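The numbers in numbering that gives the first Met the number 0 rise by one with no breaks, and the one at position 149 of the sequence shown is 148.
All C-beta atoms in this analysis are idealised placements derived from N, C-alpha and C, irrespective of residue type, glycine included.
These figures come from a predicted structure and were not determined experimentally.
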Amino acid sequence: MKITLSKYAGFCEGVDRAYNMIKKMASDPKVKKPIFVLGALVHNEDAVKSLEKLGVVTISGKKDFFSAIGGSAYGRKDKIGTLAITAHGMGPEIYDFAKKKNIDLVDTTCPRVIKAQRLAKLFSEKKYQLVIVGEKDHKEVKGIFEWGKKQAQFVKKENDFKKLKLDPKKKIAVISQTTQNQEFVRHAWDVLRKKYLKVEIVDTLCLTTQNRQGEVRKRAMKNDAVVVIGSPTSANSTRLWEISREINPKSYFIERKNQLKKNWFKNCQTIWVTAGASTPKWIIADVIEYLSGLE
Ligand code: SF4
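Here it is in structure tokens:
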């Protein structure tokens, strides 16, 4: 059995940068402790746990954030030492709030997400109607929406085009969630260009994500089975699996090694393995070791 690992599997530059920044800060005596991260730094339970071992606390929502300021989050008496923003980014309010409360803030927002946020801000200031191609409940998209003065409309699936309430006489700007399916994003551009005259499109898709998705399209066809490693909470991992299963029904989405089943690979000669941008390398290594043992 031939097992091939994708050259793009695992942490992308943005996640790698954020993870290493926080790890470094955890052992830096000059950084005020405890470090509280606003939401999971990486959409992967094992990676979050590895940071918790270094004393980094994950706050799951706004409620936790406010109790942390008061010094009662997770039963801790100590207040926030340093607040960290994840690679997905946040809206402008949190920056203003931290400044007002004199909280040390570390921003690990991925530069590619910052680009989308700044464009949302710019277009809303220029009074464009903003359309975001993406999942409105995803953390990154919520942040972009807030930078766009909370006035954007969303497109995630075919049915959403009918629901848009856009004035055709006014200018429209289209940006997208960085990790969206590039085929759907291009389709959205076509639909909106055909329907409206004053449409300005900006490509905010992440190149790393496009490479991963392009590779999965090619490989899913050429291999007997595909294993995508990632958390179901990770948008880019889920997208890889969705693309793969459309091409190859023997596409399996797992978070870690113990979810693999031997019978999935019966009669398979070739298995291709990929992983989302938030999957740590030690989990990938475990999966490869298990699959290699099946031969
Ligand atoms: S997937 Fe792309 S945009 Fe998202 S954190 Fe990674 S590098 Fe940045």
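Cβ neighbour criterion (16 or more within 10 Å) applied to residue i
i, result
"residue 127", "buried"
"residue 279", "buried"
"residue 125", "exposed"
"residue 206", "exposed"
"residue 250", "buried"
"residue 258", "exposed"
"residue 0", "exposed"
"residue 27", "exposed"
"residue 181", "buried"
"residue 98", "exposed"
"residue 235", "buried"
CB contact flag (residue i, residue j, <8 Å)
i, j, result
"residue 196", "residue 167", "yes"
"residue 175", "residue 14", "no"
"residue 242", "residue 215", "yes"
"residue 5", "residue 38", "no"
"residue 115", "residue 203", "yes"
"residue 225", "residue 210", "no"
"residue 146", "residue 170", "no"
"residue 108", "residue 20", "no"
"residue 138", "residue 87", "yes"
"residue 50", "residue 22", "yes"
Nearest-angstrom Cα separation, counted from residue j out to residue i
i, j, result
"residue 53", "residue 32", "11 Å"
"residue 198", "residue 192", "6 Å"
"residue 123", "residue 291", "52 Å"
"residue 188", "residue 129", "13 Å"
"residue 271", "residue 96", "46 Å"
"residue 25", "residue 55", "7 Å"
"residue 72", "residue 142", "Confidence in residue 72 is poor, its pLDDT being 48 and thus under 50, which makes the residue's placement unreliable; the coordinate value appears in the next sentence. For residue 72 and residue 142, the distance between alpha carbons rounds to 23 Å."
"residue 47", "residue 41", "6 Å"
"residue 213", "residue 78", "45 Å"
"residue 44", "residue 218", "27 Å"
"residue 89", "residue 184", "22 Å"
"residue 179", "residue 85", "19 Å"
"residue 2", "residue 223", "10 Å"
"residue 245", "residue 155", "18 Å"
"residue 57", "residue 157", "35 Å"
"residue 161", "residue 237", "25 Å"
"residue 34", "residue 100", "16 Å"
"residue 261", "residue 113", "43 Å"
Spatially closest choice to residue i from the options, by CA coordinates
i, options, result
"residue 102", "177, 164, 94", "94"
"residue 227", "18, 239, 221", "239"
"residue 163", "194, 145, 186, 147", "194"
"residue 104", "140, 36, 149", "36"
"residue 29", "1, 19, 80, 40", "80"
"residue 264", "109, 155, 293, 50", "293"
"residue 233", "113, 3, 11", "11"
"residue 269", "148, 221, 161, 7", "221"
"residue 83", "244, 148, 17, 3", "17"
"residue 150", "179, 157, 140", "140"
Sequence-distant residues of the same chain with beta carbon closer than 6 Å to residue i, five excluded per side
i, result
"residue 9", "274, 278, 280, 283"
"residue 201", "118, 174"
"residue 111", "177, 205"
"residue 286", "228, 256"
Own chain partners of residue i with C-beta closer than 7 Å, once the 5 adjacent residues on each side are dropped
i, result
"residue 153", "131, 133, 135, 159"
"residue 289", "256, 259"
"residue 91", "145, 146"
"residue 148", "123"
Below-8 Å beta-carbon distance, residue i vs any chain B residue
i, result
"residue 273", "No chain B is present in this structure, which holds just one protein chain."
Nonlocal neighbours in the same chain, by C-beta distance under 8 Å from residue i, ignoring five residues either side
i, result
"residue 165", "128, 130, 152, 171, 195"
"residue 7", "207, 210, 211, 214, 273"
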